[in-house]
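Here UniProt numbering is used: the first residue of the sequence shown is 1, the next is one more, and so on.
Note that the Cβ used here is the ideal one computed from N, Cα and C, for glycine as well.
Keep in mind it's a predicted model, so treat the numbers as computed, not measured.
Notes for the one structure printed next.
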Amino acid sequence: MVDAVLQRRHHILCILPTGSGKSLASFLPAVLEEKGITVHVVPSIDLFEAVTTSASQFQNLRFGVYPACTKGDLISTRLVFLQTELLDLEDAVEWMAGIAKDGLLNRVVVDEAQLLVSCPNFRTHIRELCILSGLQVPLVMLTSSFSPDSQGALVDALGISHRTVRVVRAMCTSPPNVSFDIRPTKKRDLMDSVMHYVEGEGALKLNEKGVVWFSDHKLGTDFSQRTGIPFAFEESTFRCHELLASWGDGEWIATTYDLAHAISHKNIRVSVVYGAPYSLSQAKRQSR
Numbered sequence: 001m002v003d004a005v006l007q008r009r010h011h012i013l014c015i016l017p018t019g020s021g022k023s024l025a026s027f028l029p030a031v032l033e034e035k036g037i038t039v040h041v042v043p044s045i046d047l048f049e050a051v052t053t054s055a056s057q058f059q060n061l062r063f064g065v066y067p068a069c070t071k072g073d074l075i076s077t078r079l080v081f082l083q084t085e086l087l088d089l090e091d092a093v094e095w096m097a098g099i100a101k102d103g104l105l106n107r108v109v110v111d112e113a114q115l116l117v118s119c120p121n122f123r124t125h126i127r128e129l130c131i132l133s134g135l136q137v138p139l140v141m142l143t144s145s146f147s148p149d150s151q152g153a154l155v156d157a158l159g160i161s162h163r164t165v166r167v168v169r170a171m172c173t174s175p176p177n178v179s180f181d182i183r184p185t186k187k188r189d190l191m192d193s194v195m196h197y198v199e200g201e202g203a204l205k206l207n208e209k210g211v212v213w214f215s216d217h218k219l220g221t222d223f224s225q226r227t228g229i230p231f232a233f234e235e236s237t238f239r240c241h242e243l244l245a246s247w248g249d250g251e252w253i254a255t256t257y258d259l260a261h262a263i264s265h266k267n268i269r270v271s272v273v274y275g276a277p278y279s280l281s282q283a284k285r286q287s288r
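Shown next, in the form of structure tokens:
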């Protein structure tokens, strides 16, 4: 993995288990390279704290956090952590374009790369930072579980050529029964599209369950009222436990990302994402 990242000839999709050292994709090049900056994009609070703590354990690694690091000496900086939700996108693009023009931007590492498929806001941020700004630098996408069938969806979501992407994968991360599908639709038609899928193409078998994820309670409540599918959310603790306990095979349930930690049934066949879990608090809950 590290060799492929250091060569900077391709975009890299790195699929390795949690705890296997994916962060070395940004740490080791930053230690070994004598010039240039690796920008490491982090979508959640928990992950941000973890990677910055890990980076501080490398004695010879000089790193910073955007935007504070832009006020210091970038010549000797090798690694910059960037939190997508807290950045001013226009300023960040301008800054990255500037260091790329100066020959200082070596690569952009994107952590939790599966969010590029499931989270439109995160995907838009990465596209604007790394493609729409015209930065001709390699992307390194890190994730712990992504099926082979879904690799194409991720690459297509970013708008990059499949021929430019090299995949580094551990076999244990290849669940053959998991895939992702992105279906663009107009915002005003989104609720109708979800309802049409649930009631038609997404019909469940008797031994299957389905989940529709919502980013806020109003959307979930509206969906529940229109479809009759129960909506479980954390603020209604007793009612929530009651709904989850009575959730039977062949049935759908609607919920929010607050309850991601409670949805662990092995026979869930379909998860439909409505909108995107993008605030840091939602991303934190989703990553539990």
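Query raised in the report: Is it true that the region 87-106 meets the region 46-59, where meeting means three or more beta-carbon pairs spaced less than 8 Å apart?
Result: no
Query raised in the report: So what's C119 in DSSP terms, helix, strand or just coil?
Result: coil
Query raised in the report: Just to confirm, are P138 and R107 a CB contact at a threshold of 8 Å?
Result: yes
Query - Whole-number beta carbon distance between T70 and I37, since they are thought to touch under 8 Å - result: Their Cβ separation, rounded to whole angstroms, is 11 Å, which puts I37 and T70 out of contact at 8 Å.
Requested in this report: Please go through the UniProt domain "DEAD/DEAH-box helicase" (4-144) and give each complete beta strand (DSSP E) segment of 3 or more residues, from N-terminal end onward.
Outcome: 11-15, 37-42, 63-65, 79-83, 105-110, 139-143
Report task. State buried or exposed for R123, treating a residue as buried only when at least 16 other CB atoms are found within 10 Å of its CB. Result -> buried
Query raised in the report: Which value, in whole angstroms, describes the spacing of the CA atoms of P17 and E33?
Result: Looking at the two C-alpha atoms, the distance is approximately 26 Å.
**Report entry** Beta-carbon contacts of T52 that lie in its chain and below 8 Å, excluding the five residues immediately before and after
**Finding:** F63, V65, F81
Requested in this report: Check T227 in the structure and name its three-state DSSP category.
Outcome: helix
Query raised in the report: Any idea what DSSP makes of E251, helix, strand or coil?
Result: strand
Report task. Compute the beta-carbon to beta-carbon distance between V194 and V212, rounded to the nearest angstrom, for a pair I have assumed lies under 8 Å. Result -> 6 Å
Report task. Would you grab the beta carbon distance between F48 and Q83 for me? Rounded to a whole angstrom, and I think it's under 8 Å. Result -> 6 Å
Query raised in the report: Taking C-beta to C-beta, are A232 and L244 nearer than 8 Å?
Result: Taking 8 Å as the cut-off, the Cβ atoms of A232 and L244 count as close.
Query raised in the report: Considering only the beta carbon of each residue, do T256 and H217 sit closer than 8 Å?
Result: yes
**Report entry** Where the alpha helix (DSSP H) through G152 begins and ends
**Finding:** 151-158
Query raised in the report: Can you tell me whether DSSP reads G210 as helix, strand or coil?
Result: strand
Query - For T164, three-class secondary structure by DSSP - result: helix
Query raised in the report: Roughly how many whole angstroms lie between the Cα atoms of V93 and D111?
Result: 18 Å
Query - Under the three-state DSSP convention, the category R239 falls into - result: helix
Query - R183 versus A50, V117, A113, R9, residue with shortest Cα-Cα distance - result: V117
Report task. Could you tell me which of Q136, I12, A30 sits nearest to G98, measuring between CA atoms? Result -> Q136
Query raised in the report: Can you tell me whether DSSP reads T256 as helix, strand or coil?
Result: strand
Query raised in the report: Can you give the Cα-Cα distance for K209 and A50, rounded to whole angstroms?
Result: 34 Å
Query raised in the report: Roughly how many angstroms separate the alpha carbons of S224 and G103, rounded to a whole number?
Result: Computed Cα separation, rounded: 53 Å.
Query raised in the report: L105 to T185, Cα distance in whole Å?
Result: 35 Å
Query raised in the report: Span of the alpha helix (DSSP H) holding D192?
Result: 190-199
Requested in this report: Tell me, to the nearest whole angstrom, how far the beta carbon of V140 is from that of C14; I am working on the premise that it is less than 8 Å.
Outcome: 6 Å
Requested in this report: To the nearest angstrom, report how far apart V5 and L61 are at their CA atoms.
Outcome: The straight-line gap separating the alpha-carbon atoms of V5 and L61 is approximately 17 Å.
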